[in-house]
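Colleague:
Numbering (the working numbering), first residue to last: 675 to 1304.
As structure tokens, this is what we get:
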């Protein structure tokens, strides 16, 4: 493991530094920049092109209620909720060929059909079902045609070109899968129309709810929003998906995927990916928040359920929005699993927070409700400071359940691990000796001045494809202290690794900055934040005790995570093998760099990436490479 964090001499005093940043480097535009000026951080004046760190507020700001609807944002036409049935997505074997296609889809009864993307269907993809230790070989093909959201392709992003509007790249990442580098869906290797990869998934993992989605650098946020995502059920001898499964879990019609995605629609039924009316079309806006909840590709759907126990595999497939899910009647559900597998026992959860990229496995018992009774799934999450400034719309209703008739008798199992015929108990979370500090930082990127609000997000103050590459070693365990200095919450996803949340601790971010000011962009900045804690470390909620691959990192907080890198024997491959560009694929190289240089040079791509799963952030520039050495 190598952190590469080097001590630095301190620069000018904070007052002088803030004055320099605000007076020389920030443009005269953008609501957040104006808010910083109002907060007393200095006037906003002329601009220059170098990205400059955006200082935090003087004190932490708690979550805030949404502001009223304003003309600053796009809005969907009025749509009555709960008038369309929930689509039940087909489950099929993870094998053969799956073609990414363009189709026509109606998101709501009162909207016209519109063009969308999906895997073998007009929108989203089937639930792919695989078995532990059984190889799954899938060929993905690109038959997408022109981009559904072509006007919104940002030509300033990492080698994105006009061709991505007319002949878009795609790749597929199995999110949560332990796969060789060439099978992981690296964001810089893609296929255009007529091409596609054949990936091998080894499935050397416990049963879990994984998902697959596009991962093409610079346009991931648009490709997924257009529909390129689907569930991947990994089964084993305990969680078989059959009625006689040893865990006693619901199966068949009582095991239902719920892919929750917020969207905004134009009157013609098409997607409106922009949030703010003051940002020109064709620019990454640093976040996408819709005013309509879609579940399985349908706006505010309804589902008729029977009086029995259901298992819902719930994925937050949104670009940027976190949710706190609750039922309108206050009833509890039971969390039985996190991203990468089962908890030790069902955990009652009257509310549960799920951030973009995260999955939660839920049991819901409708047995106490009478015929005709309805219960709504709601979102009670409030906005962080950054999204409040952006006037992000509130999104409260998600979907409706209506009870009708009896179902088979079923009870919540008392335990899921640690008994006869059950998998082993989870190991207790501990604190490894190896500690790596990483930082989440926001910058003003005025090289993209036409974007009006040219923010960008970064990991460790580094650009994507920095030559300062993170290193780790297979078969080791680390503690990552993820320090969020931005006014946005961030879901952080590590490819290949398994994660457990140790705890979260609030910090005074402004004091952290004063003690060790961020250097010029491109120089790693990751000092420890332990000295700036505002209170004791808080343990994760019980429903978050399991193995994960994506972790929510709140603003003004150290999120401490146990990171487990699998061994070469467990993986069955070399995690540091050089990436190859198969026939028909192309490597996406920044301007001035050839594909050969990208693969073999000192900054060549090798291994995996870790990134924010706010997809707008990952596209610019909140993604880093990491090499896992054997």
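Just so it is clear, CB atoms sit at the ideal spot from N, CA and C, and this is done for glycine as well.
Owing to the predicted nature of the structure, the values given are computational and were not obtained by experimental measurement.
Note the first and the last residue of the continuous alpha helix (DSSP H) segment covering residue 1187.
Modeller: Its alpha helix (DSSP H) spans residues 1183 to 1189.
Colleague: Excluding the five sequence neighbours on either side, which residues of its own chain have a C-beta within less than 7 Å of the C-beta of residue 870, listed in chain order?
Modeller: So the list reads 813, 814, 815 and 816, once near-sequence residues are dropped.
Colleague: Start and end of the beta strand (DSSP E) containing residue 935?
Modeller: Per DSSP, residue 935 belongs to the beta strand (DSSP E) from 929 to 937.
Colleague: State the Cα-Cα distance for the pair residue 1299 and residue 1253, rounded to the nearest angstrom.
Modeller: Using only the alpha carbons, I get a separation of about 13 Å.
Colleague: Return the bridge partner residues of residue 1073 from the DSSP annotation.
Modeller: 1051, per the DSSP bridge assignment.
Colleague: Look at the alpha carbon of residue 858 and the alpha carbon of residue 1169, and state the distance between them as a whole number of angstroms.
Modeller: Near 8 Å, if we compare the C-alpha coordinates of residue 1169 and residue 858.
Colleague: With DSSP as the reference, label residue 1296 as helix, strand or coil.
Modeller: Correct three-state label for residue 1296: coil.
Colleague: Which whole-angstrom value is the C-beta distance of residue 971 and residue 781, which I expect to be below 8 Å?
Modeller: About 7 Å; that satisfies the 8 Å criterion.
Colleague: Would you kindly check if the distance between the Cβ of residue 951 and the Cβ of residue 747 is under 8 Å?
Modeller: Result yes, Cβ atoms of residue 747 and residue 951 sit closer than 8 Å.
Colleague: Quick check on the burial criterion: 16 or more other C-beta atoms within 10 angstroms. Buried or exposed for residue 1293?
Modeller: Label assigned to residue 1293: buried.
Colleague: In the DSSP assignment, what are the bridge partners of residue 759?
Modeller: Residue 759 is bridged to 976.
Colleague: Label residue 895 either buried or exposed according to how many other C-beta atoms from any shown protein chain fall within 10 Å of its C-beta, with 16 as the threshold for buried.
Modeller: Buried: at least 16 other Cβ atoms inside 10 Å.
Colleague: In its own chain, which residues sit with a C-beta less than 8 Å from the C-beta of residue 1080, not counting the 5 before and 5 after it?
Modeller: So the list reads 980, 981 and 982, once near-sequence residues are dropped.
Colleague: Is it buried or exposed, residue 1223, if we count other Cβ atoms within 10 angstroms and call 16 or more buried?
Modeller: Flag for residue 1223 reads buried.
Colleague: Enumerated in chain order, which unbroken segments of the alpha helix (DSSP H) with a length of 4 residues or greater are wholly contained in the stretch 847 to 911?
Modeller: Here the runs fully enclosed are 894 to 900.
Colleague: Cβ of residue 1239 within 8 Å of Cβ of residue 1147?
Modeller: Going by C-beta atoms, residue 1239 is nearer than 8 Å to residue 1147.
Colleague: Let's see if you can read the secondary structure: which residues bound the beta strand (DSSP E) around residue 1061?
Modeller: It is not in any beta strand (DSSP E) - residue 1061 instead sits in the alpha helix (DSSP H) that spans 1059 to 1063.
Colleague: The alpha helix (DSSP H) with residue 1245 in it runs from where to where?
Modeller: Element bounds for residue 1245: 1242 to 1245.
Colleague: Quick one: what does DSSP say residue 680 is sitting in, helix, strand or coil?
Modeller: At residue 680 the pLDDT is 33, less than 50, meaning the model places this residue with poor confidence; the figure from the coordinates comes in the next sentence. The answer is coil: DSSP assigns residue 680 none of H, G, I, E or B.
Colleague: I believe residue 1229 touches residue 1155 by the beta-carbon criterion, under 8 Å. Please report the beta-carbon distance rounded to the nearest angstrom.
Modeller: That pair is no contact at about 15 Å.
Colleague: Pull up the CB-CB distance for residue 1159 and residue 1113, whole angstroms please, since I reckon it's below 8 Å.
Modeller: Rounded, the Cβ-Cβ distance is 6 Å, consistent with contact.
Colleague: How far does the alpha helix (DSSP H) with residue 813 in it reach, from first residue to last?
Modeller: Not the alpha helix (DSSP H): residue 813 falls in the beta strand (DSSP E), residues 810 to 817.
Colleague: Which residue comes first and which comes last in the alpha helix (DSSP H) that contains residue 837?
Modeller: Its alpha helix (DSSP H) spans residues 837 to 840.
Colleague: By a C-beta neighbour count over all protein chains shown, 10 Å radius and 16 as the cutoff for buried, is residue 634 buried or exposed?
Modeller: This structure cannot speak to residue 634, because the chain is shown only from 675 to 1304.
Colleague: Comparing alpha-carbon positions, which option in 890, 1035 and 1280 lies nearest residue 905?
Modeller: Among 890, 1035 and 1280, the Cα nearest to that of residue 905 is on 1035.
Colleague: Does DSSP put residue 1217 in a helix, in a strand, or in coil?
Modeller: The answer is helix: DSSP assigns residue 1217 an H, G or I state.
Colleague: Over the uninterrupted beta strand (DSSP E) stretch that includes residue 989, give me the two end residues.
Modeller: 983 to 990 is the span of the beta strand (DSSP E), which, as asked, contains residue 989.
Colleague: With DSSP run on the structure shown, which of helix, strand or coil describes residue 1018?
Modeller: The answer is strand: DSSP assigns residue 1018 an E or B state.
Colleague: Say whether the stretch 840 to 860 touches the stretch 878 to 887, bearing in mind that this needs 3 or more beta-carbon pairs closer than 8 Å, one atom from each stretch.
Modeller: Because the criterion of three Cβ pairs below 8 Å is met, the stretch 840 to 860 and the stretch 878 to 887 touch.
Colleague: Tell me which same chain residues have a C-beta within less than 6 Å of the C-beta of residue 720, skipping the five on either side of it?
Modeller: Low local confidence applies: a pLDDT of 34 at residue 720 is under 50, so the model's placement there is unreliable, with the coordinate-based value given in what follows. Within the same chain, residue 720 has no close Cβ partners at all.
Colleague: Taking residue 1070 and residue 1048 to be in contact with their CB atoms under 8 Å, please state how far apart those CB atoms are, rounded to whole angstroms.
Modeller: The pair is not a contact, with the Cβ atoms about 15 Å apart (cut-off 8 Å).
Colleague: Does DSSP classify residue 1011 as helix, strand or coil?
Modeller: Three-state DSSP puts residue 1011 in a strand.
Colleague: Taking a contact to mean a Cβ-Cβ separation below 8 Å, would you say residue 1161 touches residue 731 in this structure?
Modeller: Yes; because the gap between Cβ atoms is below 8 Å, this pair is in contact.
Colleague: Considering only residues of the same chain and omitting the five flanking positions on each side of residue 1151, which have a CB-CB separation below 8 Å?
Modeller: Within the same chain, residue 1151 has close Cβ partners 1106, 1108, 1236, 1237, 1238 and 1239.
Colleague: Does residue 702 come out as helix, strand or coil in the three-state DSSP assignment?
Modeller: Here residue 702 scores only 30 on pLDDT, less than 50, and its place in the model should not be relied on; the value that follows carries that caveat. Looking at residue 702 - three-state DSSP - the assignment turns out to be coil, as it is neither helix nor strand.
Colleague: For residue 833, which of helix, strand or coil comes out of DSSP?
Modeller: Coil.
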